[in-house]
Amino acid sequence: MLILGHGILEVGLLTALMLGLAPFLRQDGILAAIALSGAVILLAMALGMFRSLPTLSLTWGEGTAAPGYLIVSGVLMSVANPYWSVWWATIGLGYVLYCWQFGYWDCPVLYRSYPGDLFWYSLVSAAVTRGRRFLTDRLYRGLIGGCAGLLVLFACFFFYTGLQKAGVLPPSG
């Protein structure tokens, strides 16, 4: 259901890009703002993860969330994810602009892979559910710590990219 919410958000964004949002997102100032705010969000997430490590513990309660709640959560988590914004402001936008060469209505072809995403993440969800007994608190803390470290690296990348787009640093190579 989370992935379904993510997909609904992407349909909305693809529609907005097709209706004229694309030129706005291509501006260096907008890309800089997205990258720098994404860096701050990623650092805050990483710090929160690092702080929680000593007391982090797995609890395997049964899920009781209603499907509608999960769909809305999927939309909100996607909007809050700086990678999603940066991907659509760069790569996704590039795909849309490329598709426009072949006709305005060819852009929705970008979305044809979504059922594959939904299937893949359903398999991942099933694997996680069945693999619970192998994941100890110690391993879980290690995974979260590793992910937090990666978030710091990505934050540094976004910060550097944002400074380049803002004109503070020279463009790379």
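The numbering of the sequence shown is the numbering used here, which starts it at 339 and goes up by one.
Glycine residues also receive a C-beta, built at the ideal position from the N, C-alpha and C atoms.
Starting from the Cα of residue i, find the closest Cα among the options and give me that residue.
{"i": "Met383", "options": "Val490, Gly367, Ala504, Gly430", "result": "Val490"}
{"i": "Val431", "options": "Ser375, Ala404, Leu359", "result": "The sequence shown places Leu at residue 431, not Val. The shortest C-alpha separation from Leu431 is found at Leu359."}
{"i": "Val423", "options": "Val434, Tyr498, Ile372, Leu357", "result": "One detail in the question is off: residue 423 reads as Ser in this sequence, not Val. Checked all of Val434, Tyr498, Ile372, Leu357; the closest Cα to Ser423 is Ile372."}
{"i": "Phe495", "options": "Leu380, Leu347, Gln365, Pro361", "result": "Leu380"}
{"i": "Trp425", "options": "Arg364, Ser510, Ala504, Val506", "result": "Arg364"}
CA-CA distance, residue i and residue j?
{"i": "Leu369", "j": "Ala427", "result": "7 Å"}
{"i": "Leu488", "j": "Tyr478", "result": "15 Å"}
{"i": "Tyr459", "j": "Thr353", "result": "24 Å"}
{"i": "Met415", "j": "Leu351", "result": "15 Å"}
{"i": "Asp366", "j": "Ala486", "result": "28 Å"}
{"i": "Phe472", "j": "Ala465", "result": "11 Å"}
{"i": "Gln502", "j": "Leu396", "result": "40 Å"}
{"i": "Asp475", "j": "Arg468", "result": "17 Å"}
{"i": "Leu461", "j": "Ala404", "result": "20 Å"}
{"i": "Gly406", "j": "Leu385", "result": "31 Å"}
Can you give the beta carbon distance from residue i to residue j, rounded, assuming they're within the 8 Å contact cut?
{"i": "Val434", "j": "Leu355", "result": "5 Å"}
Within a Cβ cutoff of 8 Å, which residues of the same chain sit near residue i, ignoring the five residues on either side of it in sequence?
{"i": "Leu456", "result": "Ile341, Leu342, Gly345"}
{"i": "Val413", "result": "Gly343, His344, Ile346, Leu347"}
Can you find the residues in the same chain that come closer than 7 Å, C-beta to C-beta, to residue i, ignoring five residues on each side of it along the sequence?
{"i": "Leu391", "result": "Arg479, Ile482, Gly483"}
{"i": "Gly500", "result": "Ala370, Ala373, Leu374, Ala377"}
Go through its chain and collect everything with a Cβ distance to residue i's Cβ below 6 Å, but skip five positions before and after it.
{"i": "Phe388", "result": "Ala486"}
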